[in-house]
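Chains as they are written, first to last, in my numbering: chain A, 39 to 366; chain B, 56 to 389.
Glycine residues also receive a C-beta, built at the ideal position from the N, C-alpha and C atoms.
Keep in mind the model is a prediction, meaning the values are calculated, not measured.
Here the structure is laid out as structure tokens; the discussion comes afterwards.
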Amino acid sequence: MEPESTQTTDILRIEGLKKHFPIRRGLFQRTVGWVRAVENVSLALAGGKTLGLVGESGCGKTTVARMILNLLPADDGRILYNGVDICGLSDKDMQPFRKEIQIVFQDPYGSLNPRMTVGQTLGEGLRMAGIRGRRPAQERLEHLLELVGMAPAAADRYPHEFSGGQRQRIGIARALSVEPSLVICDEPVSALDVSIQAQIINLLKDLQDRLGLSYLFISHDLNVVGYLCHHVAVMYKGQIMEYAPAEEMFENPLHPYTHVLLAAVPDPETGKKVATEAVGGEPAEVVAAFPEGCRFQSKCPERDDRCRLFGGDLTKAGAGHYVRCWRK
Amino acid sequence: MHATNDIVLSVEGLKVYFRSEDEIARAVDGVDFEIGRRETVCLVGESGCGKTVSALAVLGLVPCPPGEIAGGRVLFNGQNLLDQDDEALQNVRGRGIGMVFQEPQTSLNPVFTIGEQIAEPLRIHLSLPEAEIRQRSLQLLSDVGIDAPEQRLADYPHQLSGGQRQRVMIAMALACGPELIIADEPTTALDVTVQAQILRLINRLQQSHGMSLLYITHDLGVVSQIADRVYVMYAGVIVETGAVEQIFRGSRHPYTQALLESLPSRKKRGRRLNSIPGAVPHPAYKPAGCPFHPRCPQAIGACREQYPGMCAFDDHHAARCPVAGGRSLTDWCR
Numbered sequence: 039m040e041p042e043s044t045q046t047t048d049i050l051r052i053e054g055l056k057k058h059f060p061i062r063r064g065l066f067q068r069t070v071g072w073v074r075a076v077e078n079v080s081l082a083l084a085g086g087k088t089l090g091l092v093g094e095s096g097c098g099k100t101t102v103a104r105m106i107l108n109l110l111p112a113d114d115g116r117i118l119y120n121g122v123d124i125c126g127l128s129d130k131d132m133q134p135f136r137k138e139i140q141i142v143f144q145d146p147y148g149s150l151n152p153r154m155t156v157g158q159t160l161g162e163g164l165r166m167a168g169i170r171g172r173r174p175a176q177e178r179l180e181h182l183l184e185l186v187g188m189a190p191a192a193a194d195r196y197p198h199e200f201s202g203g204q205r206q207r208i209g210i211a212r213a214l215s216v217e218p219s220l221v222i223c224d225e226p227v228s229a230l231d232v233s234i235q236a237q238i239i240n241l242l243k244d245l246q247d248r249l250g251l252s253y254l255f256i257s258h259d260l261n262v263v264g265y266l267c268h269h270v271a272v273m274y275k276g277q278i279m280e281y282a283p284a285e286e287m288f289e290n291p292l293h294p295y296t297h298v299l300l301a302a303v304p305d306p307e308t309g310k311k312v313a314t315e316a317v318g319g320e321p322a323e324v325v326a327a328f329p330e331g332c333r334f335q336s337k338c339p340e341r342d343d344r345c346r347l348f349g350g351d352l353t354k355a356g357a358g359h360y361v362r363c364w365r366k
Numbered sequence: 056m057h058a059t060n061d062i063v064l065s066v067e068g069l070k071v072y073f074r075s076e077d078e079i080a081r082a083v084d085g086v087d088f089e090i091g092r093r094e095t096v097c098l099v100g101e102s103g104c105g106k107t108v109s110a111l112a113v114l115g116l117v118p119c120p121p122g123e124i125a126g127g128r129v130l131f132n133g134q135n136l137l138d139q140d141d142e143a144l145q146n147v148r149g150r151g152i153g154m155v156f157q158e159p160q161t162s163l164n165p166v167f168t169i170g171e172q173i174a175e176p177l178r179i180h181l182s183l184p185e186a187e188i189r190q191r192s193l194q195l196l197s198d199v200g201i202d203a204p205e206q207r208l209a210d211y212p213h214q215l216s217g218g219q220r221q222r223v224m225i226a227m228a229l230a231c232g233p234e235l236i237i238a239d240e241p242t243t244a245l246d247v248t249v250q251a252q253i254l255r256l257i258n259r260l261q262q263s264h265g266m267s268l269l270y271i272t273h274d275l276g277v278v279s280q281i282a283d284r285v286y287v288m289y290a291g292v293i294v295e296t297g298a299v300e301q302i303f304r305g306s307r308h309p310y311t312q313a314l315l316e317s318l319p320s321r322k323k324r325g326r327r328l329n330s331i332p333g334a335v336p337h338p339a340y341k342p343a344g345c346p347f348h349p350r351c352p353q354a355i356g357a358c359r360e361q362y363p364g365m366c367a368f369d370d371h372h373a374a375r376c377p378v379a380g381g382r383s384l385t386d387w388c389r
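Right under this line is the structure:
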């Protein structure tokens, strides 16, 4: 069962995406098992909207992002960008789509080349976008910097001269330099200080309003996701557990894992004390156990024997609301 | 605020500077705070505000040089730790004051087993016989909620998950029954569900062991859940302090207010987040007057020239801002 978007103009549709990584051991690196990192993941993102992909570290969020960008071959499934399947395209065939789909990384320090000035970094993208000639390139460069709220003088400076927040602005400008329609934001504010986070979140929102961008927003921070996203998909051990419009997800969460996740989020506005006996998945188990049946069974407060046998499919539970739990 | 004998740790006018050839970074620039018995106190601020350096200074762990304790007192049960020699401090660290650091993967030694590392404080401080050390280690591991402690004793740190390593760090901090635990961003590197488990664990252990807790974090959500009292730091100074409700419901300092307003949440959907313009000043180039004035929406002329004093509003609640009002407190350092 694939989530259907309420709109017909989905910029991105993922259907049955799968990626298994081999576990190799010993002298001859024999494959002794498989990490089922991404299993039958289906998602839809409407044009001009933001889809939040949330889950704990190791749940497969970034693997999905890398497959969308074709940086990692998928084992199975389809990735439809505006209706065209881009899954498994060759580098050459992927080229036009690279201009359409861009990514902003988490670490603004590690993702910029320290030997290139900001102007050079952005200039690479401008050349890719087919902007030739000094004058037009210069104008476009200034426009880009203005878009992300930086002065034109920044073009001649190196990444180390900027603070974390400024570097993230440069990272965003670089993504925008080829005029993409879809931007994958992989934890773009997690490494930033609280007072800087709000600046970048506001910037992402402004850019969406101004340029009509669509975002796939990958995050573990449910407060940010709740603020920014239109739809939310909750991922656990490589599977989408629940998918719903953001309001619905927070008001009426159905999957036990979503409950656990929401209960664990500290909310400074209510200041509720840590009381709920939440259960968590610890990253070390990612490699080990992908049990038959529901992958959340060992931590689930509502489990019974049947959860060992079937995990259930992603099933419609309301308007645009899907959940992978056989009891719901 | 407290009767003197109820205060475990009292820091007065602490200054920690870092010198390089051509500049002095005033990382901690006159900080006062105190922690009562069985109290949970949060030190909250953005990166570079001096919260970690303050904690390191309390424990005598600031590398000197380039660091330098430029002034102040650190009174642990009335005894000034800054006057003590290394040997005396060694006795306080781990025994009187336990420590939990941010990154359990780098704070544990990768070449020793968990058992050897937990045994170390017990051997050094309590000189227990080996059999008893093993017994205590097992007890500590099960106290912090680690399954199959016998097996874990023989494991190396890389064999544990992040959450489990942090539990081991907490077990080590607890080993000698300290009166105070200093935890520096212990859950920042962890997932939210694991963070919730660790926070509950700390809370439970604190109650059962009757310890005081100094919890350092930048996460206001965590602060709202665990703190009794809060100190808000900015650019090396305390700008506001109060009970947790006073800070979250009635903050008086523009910085605290702006921080709270800038937090994203789903209730703020559709509204623009109130971001703080600019960035935290470099500790070597702090502006004159109030360090927050260039970013402050309420700054007045006096803020540019005069370093504001601490002014009190209610019990426990005080802020360092001339615009916020309050009655002047003369006994606060600087």
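Q) Does the beta-carbon of E89/B have 16 or more other beta-carbons within 10 angstroms, so that it is buried, or is it exposed? A) Buried.
Q.
Out of P338/B, R220/B, L269/B and G344/B, which one is the CA nearest neighbour of L245/B?
A. Taking only the C-alpha atoms, the option nearest L245/B is R220/B.
Q) Which chain B residues sit within Cβ distance under 7 angstroms of E184/A? A) The contacting residues do not exist; E184/A stays about 17 angstroms from chain B at best.
Q.
For L275/B and S317/B, I'd like the C-alpha separation in whole angstroms.
A. 11 angstroms
**Q.** Closer than 8 angstroms to chain B by CB, S228/A
**A.** no
Q) In whole angstroms, what is the alpha-carbon distance linking M266/B and A355/A? A) M266/B and A355/A: Cα-Cα distance of roughly 48 angstroms.
Q: Flag L352/A as yes if its beta-carbon sits less than 8 angstroms from any beta-carbon of chain B, otherwise no.
A: no
Q) Given L256/B, which residues of its chain have a CB within under 8 angstroms of its CB, disregarding the five upstream and five downstream residues? A) For L256/B, where only same-chain residues beyond five positions count, the Cβ hits under 8 angstroms are V199, G200, R222 and I225.
Q) With 16 other CB atoms within 10 Å as the buried threshold, where does E320/A fall? A) Model confidence at E320/A stands at a pLDDT of 43, short of 50, so the residue's coordinates are unreliable; what they give is reported in the following sentence. It counts as buried.
Q. Hey, does L245/A have any beta-carbon neighbour from chain B nearer than 8 angstroms?
A. no
Q: Just the C-alpha distance for V278/B and L130/B, rounded to the nearest angstrom, thanks.
A: 24 angstroms
Q. If we ignore side chains and look at the alpha-carbon of each, how far apart do T460/B and Y281/A end up?
A. This structure cannot speak to residue 460/B, because chain B is shown only from 56 to 389.
Q: Return the chain-ordered list of same chain residues with a C-beta closer than 7 angstroms to the C-beta of R178/A, the five sequence neighbours on each side being excluded.
A: L164 and I169
Q.
Going by DSSP in three states, I225/A sits in which element: helix, strand or coil?
A. Reading off the sequence shown, one finds Glu at residue 225/A, where the question assumed Ile. Here E225/A sits in coil by DSSP.
Q. For E234/B, does the count of other Cβ atoms within 10 angstroms reach 16, so buried, or fall short, so exposed?
A. buried
Q: Could you say if the stretch 280-296 of chain A and the stretch 107-121 of chain A meet the contact criterion of at least three C-beta pairs nearer than 8 angstroms?
A: no
Q.
Taking the beta carbon of C119/B as the centre, do at least 16 other beta carbons fall within 10 Å, making it buried, or is it exposed?
A. Under a 10 Å Cβ-count criterion, C119/B is classified as exposed, with fewer than 16 other Cβ atoms of the shown protein chains found around its own Cβ.
Q) Which residues in the same chain have their Cβ closer than 7 angstroms to the Cβ of R207/B, if we skip the five residues on either side of it in sequence? A) I169, L196 and I201
Q | 3 or more residues per run - each beta strand (DSSP E) lying fully within the stretch 216-269 of chain B | A | Whole beta strand (DSSP E) segments, 3+ residues: 235-239.
Q: Determine which residues of the stretch 231-246 of chain B have a Cβ less than 8 angstroms from any Cβ of chain A, and write them out in chain order.
A: D246
Q) Is the CB of V277/B under 8 angstroms away from at least one CB in chain E? A) In the structure shown, chain E cannot be found, because the protein chains are A and B.
**Q.** Endpoints, alpha helix (DSSP H) assigned at N78/A
**A.** Unbroken run through N78/A is the beta strand (DSSP E), R68 to A84; no alpha helix (DSSP H).
Q | Inter-residue Cα distance where the pair is L183/B and N258/B | A | 28 angstroms
**Q.** Beta-carbon proximity check, P346/B vs P332/B, cutoff 8 angstroms
**A.** no
Q: Pair every Cβ in the stretch 221-241 of chain A with every Cβ in the stretch 189-197 of chain A, then say whether three or more of these pairs are closer than 8 angstroms.
A: no
Q: Figure out for me which residue from A339/B, V113/B and R359/B has the closest Cα to the Cα of L69/B.
A: V113/B
**Q.** Between the CA atoms of K130/A and M288/B - distance to the nearest angstrom
**A.** 53 angstroms
Q) Given that N329/B touches chain A, what residues does it touch there, using C-beta distances under 8 angstroms? A) Simply A236.
Q.
Let me make sure I understand the geometry here. Which of R74/B, R148/B and H213/B has the alpha-carbon closest to that of L229/B?
A. R148/B
**Q.** V156/A versus Y265/A, M188/A and E225/A, residue with shortest Cα-Cα distance
**A.** M188/A
Q: Count the other CB atoms, across all protein chains shown, that sit within 10 Å of the CB of H372/B; report buried if there are 16 or more and exposed otherwise.
A: buried
Q) Considering only residues of the same chain and omitting the five flanking positions on each side of N135/B, which have a CB-CB separation below 8 angstroms? A) R128 and V129
Q: Measure from the C-beta of I239/A to each C-beta in chain B and report whether the shortest distance is under 8 angstroms.
A: yes
(Q) Could you give the first and the last residue of the continuous alpha helix (DSSP H) run that contains I188/B? (A) E185 to D198
Q) Using the beta-carbon count (16 or more within 10 Å), is L384/B buried or exposed? A) In this structure L384/B is exposed. Its beta-carbon is surrounded by fewer than 16 other beta-carbon atoms within 10 angstroms.
Q. Between the beta-carbon of G98/A and the beta-carbon of M273/A, is there less than 8 angstroms?
A. yes
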